[in-house]
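Worksheet for the structure shown next.
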Amino acid sequence: MSGTKPIKAEHRVPESKPRPKPRASFTKADERAALDESLEDDIDATEHGHGAALRFHRPSVGRRTMRKLARGGYSVQAEIDLHGLTLEEAKPRLADFIDYSATQGKLCVRIVHGKGLGSGDRGPVLKNAVNRWLRRWDSVLAFVSTRQVHGGTGAVYVLLQKT
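Using this note's numbering, you'd call the opening residue of the sequence shown number 81 and step up by one each time.
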């Protein structure tokens, strides 16, 4: 840095205008985005009570496992779609599916039961029946409603015990 000379104070270029006061530049955009999001209809909120999430686990299943299941962290190895079936049609199909999946060593399966929107005032008939049936079968360790991209409250991830 030899040969350099300091600039004298009077030769410096003065600032043409004062610096602006610091403020959050995204505040208005964030507020608008929050307002827009609050006005959007949540798909489960429009179901008028039909959107209750299902959740069950045996005492041997820990919180971490349930959190991973709820987040879709397990690979779904098989799936059955029951919505549109009657209870009499759905129960044996589901029982066979659970038994077969457990004997094949599958850890996680998905059951699509539907949200019950077509059931009218009766509420989600098949969804409630699937909830009761799964709780009774010993090979079912846990289940939870799926993430929205996999059916939301119209389907469940089921964690199975190998038989």
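Think of the CB as a built atom: it goes at the ideal place given N, C-alpha and C, for glycine as much as any other residue.
Per DSSP, the bridge partner or partners of Thr237 | Taking the sequence shown and counting its residues from 1, the one referred to as residue 237 is at position 157. According to the sequence shown, residue 237 is Tyr rather than Thr. Tyr237 pairs with Arg190 and Val224.
Option in Ala132, His137, Cys188 and Ala209 with minimal Cα separation from Thr166 = Mapped onto the sequence shown, residue 166 falls at position 86. Cα-wise, what sits closest to Thr166 is Ala209.
When we look at the beta-carbon of Ala170 and count the other beta-carbons within 10 Å, is it buried (16 or more) or exposed?
-> As a first step, residue 170 must be located in the sequence shown, where it is residue number 90. Buried, by the Cβ-count rule.
If you run the structure through DSSP and keep just helix, strand and coil, what is Ala132?
-> As a first step, residue 132 must be located in the sequence shown, where it is residue number 52. Residue state, collapsed to three classes: coil.
By the 10 Å Cβ neighbour count, where 16 or more other Cβ atoms means buried, how is Val229 classified, buried or exposed?
-> On the sequence shown, position 149 is the one that residue 229 refers to. Flag for Val229 reads exposed.
In angstroms with no decimal places, state the Cα-to-Cα distance between Cys188 and Pro204.
-> Position 108 of the sequence shown holds residue 188. Position 124 of the sequence shown holds residue 204. So the two alpha carbons sit approximately 24 Å from each other.
Kindly give me the distance between the Cβ atoms of Val224 and Arg135, rounded to whole angstroms, as I take these residues to be in contact under 8 Å.
-> Start at 1 with the first residue of the sequence shown, and residue 224 comes out as number 144. Start at 1 with the first residue of the sequence shown, and residue 135 comes out as number 55. Yes, they are in contact, since the Cβ atoms of Val224 and Arg135 sit about 5 Å apart, within 8 Å.
Extent of the continuous alpha helix (DSSP H) run through Asp179 | To locate residue 179, count along the sequence shown from 1; it is residue 99. Run containing Asp179: Leu167 to Thr183, per the alpha helix (DSSP H) assignment.
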